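One structure below.
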Amino acid sequence: MASRVRFHPDRRQLLLGGASVIGMLAVAGPVRADLPVREYSLAAYPARTRLAGINTPEIDVWTYGGTLPGPEIRVKKGERLRVRFENRLREETTVHWHGIRLPNAMDGVPHLTQKPVAPGETFVYEFKCPDAGTYWYHPHQRSHEQVGRGLSGALIVEEPTPYPVDREQTWVIGDWRLGRDGDFIDDFGDLHDISHNGRIGNTITINGKVPGKFAVRAGERIRLRLINAASARILALHFDGHQPKVVALDGQPVAPHDPEGGSIILGPAMRADIVLDMTNEPGSVFTILDRPGRNRSYRLFDMVYDSSAPVRKTFGAVPALPSNPLAEPDLENAVRHVVTLNGGMMSRMESAIVDGKRVDAHTMFRSGLMWAINGVAAKDHVHEPMLNLALGKTYLFELVNESAWLHPMHLHGHAFRFLSANGRPRPHREWLDTVLLWPRERVEIAFVADNPGDWMFHCHNLEHQLGGMMALVRVS
Ligand code: C2O
Ligand code: CU
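Following this note's numbering, the residues of the sequence shown are numbered contiguously, the last one being 476.
Encoded structure:
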């Protein structure tokens, strides 16, 4: 029986179409012996797939476990996760566990927290998942191309007691730039994309497929875990005829509320858990839209009610999710830092520091570096920390977007409270790991620097990141 098997580090694990849950293993070795371990095997390798269904061409993608997205990894809050990762790509890679507050050595940042995993090599990631919620995993090595070619998957940390819904679904949302022949346009790292809004595609997929329809039943209550795994596209999801309630953002619970402006806005890497009540008649059809602007909306797919009688006629209030063990920022004694974001087309940035030297913007742009954080453009993951933070202290970052573009800014290893935007306090002070800044916007975030290590702070528009929009903070 799986539960009796003792872990042996050299044991070969069966790989059947990707990850396989080996079961709850008793831990041998130096790690804490009191926590159950959930074990997966995960390999990255090229595969072929059809994004838009049977009559469309098969294209080459890079996958975890042969599927798009990669296998959904599930653990319970407080459990340890052990993933034996194997790189069967033709280039180096790493796996980053986006949003998980884990030990620095497991963060998957090449050269900074680990040696990249070479082709043919394996790496065992192992960490505790302290917070329930919706997370995801993806490479941090050349991520603009590795994520763009398909490498991403959901990591779900379950609440100790199931949240009361009829069913739940995870939607890993991808965005692809395909040519007329239905194949990839192979233009990763294009300078125009880097200097504007990234490599926006022309084909949106949900769980690796261009969605046909979403079949529902009248009277159902559904929890949707939405993950924006696109490199650059900002989504504004609108559920026509329905009133979704947002119950978690970036995995962290928030007081259930209606989405601001009626749409669920997700920049790259951002997640939202929503509760959707199927309040309409059997047989009815509604549209799910992406509404990126006042006058622009695109039909993504239809929500189709089957003809069966409603499961229920009235719906109770949407309950709040139980909270996670996050340290509350001590705002009275917070240390404030201003962090400026600059660069891109139409910017007033004249120069930035590259490799310790001041370089004028034209020279920078020609070499593909187009963005700077606090005046520094980063060529790779290892560089001088932007800030040194004292372990256990509260920090308030005032992020100032001096550019004409949007930036989903992500901090590794921590969750922060989103306090205000352009001076207006946020009604829910939501916990996030990625905050979306609009052009010229100024936002305040606060967090306790309670996780020691070198942590990336970067734009999750992966072309902006490639173009230098990356910094690190050192907590010690
Ligand atoms: Cu989702 Cu630095 O990553
Ligand atoms: Cu950006």
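Glycine included, every Cβ here is placed at the ideal spot set by N, Cα and C.
Small disclaimer: the values here were computed from a predicted structure and weren't measured.
CB contact flag (residue i, residue j, <8 Å)
i: Ser-212; j: Phe-301; result: Going by the sequence as given, residue 212 is Gly instead of Ser. Cβ atoms of Gly-212 and Phe-301: closer than 8 Å.
i: Arg-312; j: Val-275; result: no
i: Pro-408; j: Met-270; result: yes
i: Met-370; j: Gly-467; result: yes
i: Tyr-135; j: Gly-251; result: yes
i: Arg-38; j: Leu-81; result: yes
i: His-460; j: His-412; result: no
i: Leu-321; j: Pro-253; result: yes
i: Pro-282; j: Gly-153; result: no
i: Trp-438; j: Gly-344; result: no
i: Glu-402; j: Thr-363; result: no
i: Pro-119; j: Leu-89; result: yes
i: Arg-221; j: Asp-277; result: yes
i: Thr-67; j: Gly-261; result: no
i: Thr-170; j: Arg-225; result: yes
i: Pro-292; j: Ser-231; result: no
i: Asp-131; j: Asn-324; result: yes
i: Arg-442; j: Val-400; result: yes
i: Pro-319; j: Gly-219; result: no
i: Thr-122; j: Glu-91; result: no
i: Gly-198; j: Trp-176; result: no
i: Gly-78; j: Asp-433; result: no
i: Val-354; j: Lys-379; result: yes
i: Arg-74; j: Ile-206; result: no
i: Arg-336; j: Glu-398; result: yes
i: Ala-255; j: His-428; result: yes
Chain-order list of residues whose beta-carbon lies under 6 Å from that of residue i (same chain, five-residue window excluded)
i: Val-124; result: Arg-84
i: Ser-284; result: Tyr-305
i: Lys-76; result: Glu-158
i: Glu-384; result: none
i: Ala-471; result: Ile-373, Met-386 and Phe-457
i: Ala-105; result: Thr-113
i: Ile-265; result: Ala-236
i: Val-246; result: His-257, Pro-259, Ala-272 and Ile-274
i: Thr-63; result: Ala-47 and Gly-150
i: Phe-315; result: Asp-277
i: Gly-29; result: Note that Gly-29 has pLDDT 42, beneath the 50 cutoff, so the model's placement of it is unreliable and no number is given.
i: Ile-185; result: Arg-177 and Gly-179
i: Glu-126; result: Arg-82
i: Glu-168; result: Arg-223
i: Asn-55; result: none
i: Lys-128; result: Arg-80
Contact set for residue i: own chain, Cβ-Cβ below 7 Å, skip 5 residues either direction
i: Pro-329; result: Thr-394, Arg-417, Ala-446, Phe-447 and Val-448
i: Arg-299; result: Thr-287 and Leu-289
i: Asp-107; result: His-96, Thr-113, His-412 and Gly-413
i: Ala-215; result: Val-304 and Asp-306
i: His-8; result: At His-8, the pLDDT of 32 sits below 50, so the modelled position is not reliable; the number obtained from the coordinates is stated separately. Cβ neighbours of His-8 beyond the five flanking positions: none.
i: Val-165; result: Arg-221, Ile-222, Arg-223 and Val-275
8 Å contact criterion, which residue i and residue j should meet: CB distance rounded
i: Leu-391; j: Val-475; result: 6 Å
i: Glu-444; j: Leu-387; result: Contact flag wrong, Cβ pair sits at about 16 Å.
i: Arg-101; j: Ala-334; result: Not quite, the Cβ-Cβ distance comes to about 19 Å (not below 8 Å), so this is no contact.
i: Met-456; j: Val-109; result: 6 Å
i: Thr-93; j: Val-117; result: 6 Å
i: Asp-450; j: Ala-327; result: 5 Å
i: Gly-241; j: Ile-59; result: With 8 Å as the limit, Gly-241 and Ile-59 do not qualify as a contact, their Cβ atoms being about 34 Å apart.
i: His-138; j: His-111; result: Rounded, the Cβ-Cβ distance is 17 Å, inconsistent with contact.
i: Glu-430; j: Leu-178; result: The pair is not a contact, with the Cβ atoms about 34 Å apart (cut-off 8 Å).
i: Val-210; j: Gly-53; result: 7 Å
i: Thr-203; j: Leu-436; result: Actually they are not in contact, since the Cβ atoms of Thr-203 and Leu-436 sit about 22 Å apart, beyond 8 Å.
Close-in-space but distant-in-sequence residues of the same chain around residue i (CB under 8 Å, 5 per side omitted)
i: Gly-189; result: His-144, Glu-145, Gly-368, Glu-463 and Leu-466
i: Pro-57; result: Arg-50, Asp-181, Gly-182 and Asp-183
i: Pro-452; result: Asn-104, Leu-391, Val-475 and Ser-476
i: Asn-280; result: Ala-218, Gly-241, His-242, Phe-286 and Tyr-305
i: Val-147; result: His-138, Pro-139, Ala-229, Ser-231 and Leu-462
Please give me, in chain order, every unbroken run of the beta strand (DSSP E) with length at least 3 that falls completely inside the segment 183–238. 203–206, 213–216 and 221–228
Run through the segment 257–298 for me and flag every whole beta strand (DSSP E) of 3 or more residues, listed as ranges in chain order. 264–266, 271–277 and 285–293
In chain order, what are the residues with a CB under 6 Å from some non-hydrogen atom of the ligand C2O? His-96, His-98, His-138, His-140, Ala-269, His-410, His-412, Met-456, His-458 and His-460
Inside the segment 375–403 only - beta strand (DSSP E) runs reaching at least 3 residues: 387–389 and 394–401
What runs of the alpha helix (DSSP H), each 4 residues or longer, lie entirely inside the segment 110–169? 143–146
Just to confirm the assignment: which complete beta strand (DSSP E) runs, minimum length 3, are found wholly within the segment 426–459? 434–437, 442–448 and 453–459
Continuous beta strand (DSSP E) assignments of at least 3 residues falling wholly in the segment 38–106: 59–64, 73–76, 80–87 and 96–98
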